[in-house]
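**Student:** In the working numbering, the protein residues as written are 14 to 552.
Backbone N, C-alpha and C fix where the C-beta goes; we use that ideal spot for every residue, glycine too.
1) If you run the structure through DSSP and keep just helix, strand and coil, what is residue 610?
2) How far does the alpha helix (DSSP H) with residue 24 in it reach, from first residue to last?
3) Touching or not, the segment 24 to 32 and the segment 82 to 94, by the rule of three or more beta carbon pairs under 8 Å?
4) Over the uninterrupted beta strand (DSSP E) stretch that includes residue 61, give me the two end residues.
5) What is the residue span of the alpha helix (DSSP H) that residue 491 lies within?
6) Alpha carbon to alpha carbon, how far is residue 388 from residue 419?
7) Check whether the Cβ atoms of residue 330 and residue 523 sit closer than 8 Å, and answer yes or no.
8) Would you give the residue range spanned by the beta strand (DSSP E) that residue 440 belongs to?
9) With a threshold of 16 other CB atoms inside 10 Å of the CB of residue 75, please say whether the residue is buried or exposed.
10) Are the segment 146 to 154 and the segment 168 to 181 in contact at 8 Å, needing three or more beta carbon pairs?
11) How would you label residue 115, buried or exposed, when you count the other beta carbons within 10 angstroms and need 16 or more for buried?
12) Apart from the five residues just before and just after residue 3, which ones in its own chain have a Cβ nearer than 6 Å to its Cβ?
13) To the nearest angstrom, report how far apart residue 510 and residue 545 are at their CA atoms.
14) Take every Cβ of the segment 121 to 140, pair it with every Cβ of the segment 33 to 50, and state whether three or more of those distances are shorter than 8 Å.
15) According to DSSP, simplified to helix, strand and coil, what is residue 41?
16) What does the alpha-carbon distance come out to for the pair residue 263 and residue 502?
17) For residue 213 and residue 540, what's the separation of their Cα atoms in angstroms?
18) Counting only runs that start and end within the segment 361 to 422, where is the alpha helix (DSSP H) found for 4 or more residues in a row?
19) For the segment 123 to 157, list the alpha helix (DSSP H) runs that are entirely contained and at least 4 residues long, ordered along the chain.
20) Using 8 Å as the threshold, is the segment 413 to 427 in touch with the segment 447 to 467, meaning 3 or more CB pairs across them?
21) Does the Cβ of residue 364 have 16 or more other Cβ atoms within 10 Å, making it buried, or fewer, making it exposed?
22) Let me check one thing: in DSSP terms, what residues is residue 66 bridge-paired to?
23) Please identify the residue among 333, 538, 267, 172 whose C-alpha is closest to the C-alpha of residue 507.
24) Throw me the rounded Cβ distance for the residue 442 and residue 417 pair, which I believe falls under 8 Å.
25) Are the C-beta atoms of residue 46 and some chain B residue less than 8 Å apart?
26) With H, G and I counted as helix, E and B as strand and the rest as coil, what does DSSP make of residue 464?
27) Use the C-beta contact count for residue 362: other C-beta atoms within 10 angstroms, 16 or more gives buried, fewer gives exposed.
28) Which same chain residues end up closer than 7 Å to residue 91 when comparing Cβ atoms and leaving out the 5 residues on each side of it in sequence?
29) Figure out for me which residue from 131, 477, 193 has the closest Cα to the Cα of residue 165.
30) Residue 113 to residue 144, Cα distance in whole Å?
31) With a CB to CB cut of under 6 Å and the five nearest residues on each side skipped, what residues in its chain are close to residue 4?
32) Give every residue of the same chain whose Cβ lies closer than 6 Å to the Cβ of residue 36, excluding the five residues on either side of it in the sequence, and list them in chain order.
33) Determine the direct distance from the alpha carbon of residue 118 to that of residue 49, and round the result to whole angstroms.
34) Between which residues of its own chain and residue 297 is the CB-CB distance below 7 Å, once the five residues before and five after are set aside?
35) State the DSSP-derived secondary structure class of residue 521, mapped to helix, strand or coil.
36) Who are residue 530's beta bridge partners in DSSP?
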């Protein structure tokens with residue numbers, strides 16, 4: 014089967030096994046539960062998983078002893094564990110769950126499997142599980158309600174997992190007290206760490222929300238907590254390093270501290286967005302997640318698409334980079350820019366030190382483009398640190414995110430984006446691609462998105478060069494595409510048609526001279542974008 018059929022394949026195989034082996038899948042499960050129930054996902058809600066393999070990674074620890082893994086987690090401070098009981102794709106069994114619960118009865122244990130019947134829930138209870146995973150993708154609203162009710166009747170927690178708006182809509186009818194948002198699409202097993210943020214905005218009832226998949230360490234746990242998540246569920250990374258737990262707990266605490274600071278700034282108790290109040294104005298990734306590909310307000314003077322509802326069709330996000338003055342910033346915003354880029358590196362497009370602060374009245378995301386690590390030849394300078402003017406603008410809340418456009422390592426990006434007394438700030442990496450090996454670097458960075466740009470041996474951005482099509486394809490296979498390099502009025506429609514990018518970054522080909530935008534080109538650029546997305550639909 015193709016990757017697009019993974020969830021279906023797992024469920025079909027499981028159904029065949031149940032038909033032969035019964036609901037316990039051949040494992041002798043007690044007729045009555047033998048252990049006390051333990052509250053699941055209590056703070057700090059770091060839930061570490063026990064699994065031997067997965068469809069996406071193959072063997073993780075094929076010979077793993079589930080009891081040894083559980084005890085290692087407990088020694089590291091973990092109080093809730095998830096045990097995979099699906100055998101054919103994850104190497105698990107109900108026997109693993111029972112062994113873990115017998116050896117560590119004080120741990121709260123989640124049965125993680127592809128459960129579809131009330132009997133599945135009852136078997137989990139008898140085996141000693143304190144909670145069950147209920148995957149909304151497998152259940153209609155009535156089925157989800159039945160299984161939630163069965164778990165509640167037994168005193169178990171139900172972690173209701175969603176990955177799409179349709180699944181969240183089903184869950185919303187039940188308003189479960191514990192929701193998991195999976196960044197992994199179980200049909201393809203690909204990960205998008207903005208999906209949980211997007212769906213988190215649609216939860217408008219009191220509940221604990223767990224960020225599932227794509228959590229590898231401190232930075233990711235901090236990211237989740239800063240965006241309103243109560244905890245994290247960690248699989249492969251925890252199995253490979255059981256001592257990761259203290260880092261995850263520290264990350265959750267740091268993220269909550271940042272969330273609290275944001276909430277205080279907003280005059281609210283939490284920055285976790287809801288369908289009613291939207292994302293906080295300064296939260297870069299939340300705004301990207303919530304607003305990407307939605308219909309956008311249509312600037313009446315420039316859109317020219319004749320839509321009676323006043324909206325332009327959903328389209329790629331657009332960043333206009335190289336802004337050096339108010340006139341160009343206002344023109345870009347009027348035309349429809351989602352993000353403005355301010356260059357703080359040697360460039361004819363270098364922005365004045367305080368320009369973002371002077372543009373605080375413009376309702377648009379603002380990104381500082383920096384080069385903080387030089388290449389081996391030193392052609393980009395030898396700075397290893399944020400420029401002072403950028404740090405000041407960031408601390409003052411005038412910059413929403415950092416774009417690292419040098420040779421910064423993943424660790425450097427994370428470190429440089431942490432502001433004293435302000436905690437971690439939003440950032441993403443820009444990579445200049447020369448070959449397929451460069452494209453593979455995308456997966457090393459922990460920012461939810463990586464911008465790809467054309468390589469130039471001297472200049473970093475603003476070259477007008479386009480990336481080779483094969484490299485764009487390689488990059489798009491790894492993350493939703495953020496594309497820069499040689500994009501202008503004459504080719505933006507073709508680029509949208511060919512690549513369906515999530516974000517387009519344009520600069521030099523919209524200029525009248527370096528550092529000055531051509532306002533007529535800006536308007537024509539957005540007209541081309543709107544026409545292409547209206548004619549063809551997007552994404």
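**Tutor:** Straight from the coordinates:
1) A question about residue 610 goes unanswered here, because the residues of the chain that appear run from 14 up to 552.
2) Position 11 of the chain shown, counting from 1, holds the residue named residue 24. From DSSP, the alpha helix (DSSP H) with residue 24 extends over 19 to 34.
3) no
4) In the chain shown, the residue the question calls residue 61 occupies position 48. Residue 61 -> beta strand (DSSP E) spans 58 to 63.
5) The count along the chain shown starts at 1 and reaches residue 491 at position 478. Unbroken run through residue 491: none, as it is neither H nor E.
6) In the chain shown, the residue the question calls residue 388 occupies position 375. In the chain shown, the residue the question calls residue 419 occupies position 406. The predicted position of residue 388 is uncertain, since its pLDDT is 46 and thus under 50; no value can be drawn from it.
7) Indexing the chain shown from 1 puts residue 330 at position 317. Indexing the chain shown from 1 puts residue 523 at position 510. Their beta carbons are not under 8 Å apart, which means residue 330 does not touch residue 523 by this criterion.
8) As a position in the chain shown, residue 440 is number 427, starting the count at 1. That run of the beta strand (DSSP E) goes 440 to 446.
9) As a first step, residue 75 must be located in the chain shown, where it is residue number 62. Residue 75 comes out exposed.
10) With the rule of 3 Cβ pairs closer than 8 Å, the segment 146 to 154 counts as touching the segment 168 to 181.
11) Start at 1 with the first residue of the chain shown, and residue 115 comes out as number 102. Classification of residue 115: exposed, given that the 10 Å Cβ count is below 16.
12) In the structure displayed, the chain extends from 14 to 552; residue 3 sits before or after that span and is not available.
13) By 1-based counting over the chain shown, the position of residue 510 is 497. By 1-based counting over the chain shown, the position of residue 545 is 532. For residue 510 and residue 545, the distance between alpha carbons rounds to 7 Å.
14) yes
15) Here the question's residue 41 lines up with position 28 in the chain shown. Residue 41: coil per DSSP, three-state reduction.
16) The residue you call residue 263 lines up with position 250 of the chain shown. The residue you call residue 502 lines up with position 489 of the chain shown. The alpha-carbon atoms of residue 263 and residue 502 are separated by roughly 47 Å.
17) Here residue 213 refers to the residue found at position 200 when the chain shown is read from its first residue. Here residue 540 refers to the residue found at position 527 when the chain shown is read from its first residue. Distance between the alpha carbons of residue 213 and residue 540 is about 32 Å.
18) 368 to 371, 401 to 408
19) Those alpha helix (DSSP H) runs which fall completely within the segment 123 to 157 and span 4+ residues are 131 to 140.
20) The segment 413 to 427 vs the segment 447 to 467: in contact.
21) On the chain shown, residue 364 is found 351 positions in, with the first residue counted as 1. The residue in question, residue 364, is buried, as its Cβ has 16 or more Cβ neighbours within 10 Å.
22) For the purposes of this step, residue 66 is taken as the residue at position 53 of the chain shown. Its beta-bridge partners are 72.
23) Counting from 1 along the chain shown, the entry for residue 507 is found at position 494. Residue 507 has its Cα closest to that of 538, out of 333, 538, 267, 172.
24) For the purposes of this step, residue 442 is taken as residue 429 along the chain shown, with counting starting at 1. For the purposes of this step, residue 417 is taken as residue 404 along the chain shown, with counting starting at 1. That pair is a contact at about 5 Å.
25) The question asks about chain B, but that chain is absent: this structure has only one protein chain.
26) Counting from 1 along the chain shown, the entry for residue 464 is found at position 451. Three-state result, residue 464: strand.
27) On the chain shown, position 349 is the one that residue 362 refers to. Classification of residue 362: buried, given that the 10 Å Cβ count is 16 or more.
28) Position 78 of the chain shown, counting from 1, holds the residue named residue 91. Contacts found: 59, 61, 258.
29) Within the chain shown, numbered from 1, the residue matching residue 165 stands at position 152. The shortest C-alpha separation from residue 165 is found at 131.
30) Residue 113 sits at position 100 when you count from the first residue of the chain shown. Residue 144 sits at position 131 when you count from the first residue of the chain shown. Each residue's alpha carbon lies about 14 Å from the other.
31) Not covered by the structure: residue 4. The range shown for the chain is 14 to 552.
32) On the chain shown, residue 36 is found 23 positions in, with the first residue counted as 1. 132, 136.
33) As a working mapping, residue 49 is identified with position 36 in the chain shown. As a working mapping, residue 118 is identified with position 105 in the chain shown. Cα to Cα, the separation comes out at about 7 Å.
34) As a working mapping, residue 297 is identified with position 284 in the chain shown. Excluding residues within five positions, the ones whose Cβ falls inside 7 Å are 378, 413, 414, 439.
35) In the chain shown, counting from the first residue as 1, residue 521 sits at position 508. Of the three classes helix, strand and coil, the one that applies to residue 521 here is helix, per DSSP.
36) The count along the chain shown starts at 1 and reaches residue 530 at position 517. Looking at the DSSP output, residue 530 bridges to 524.
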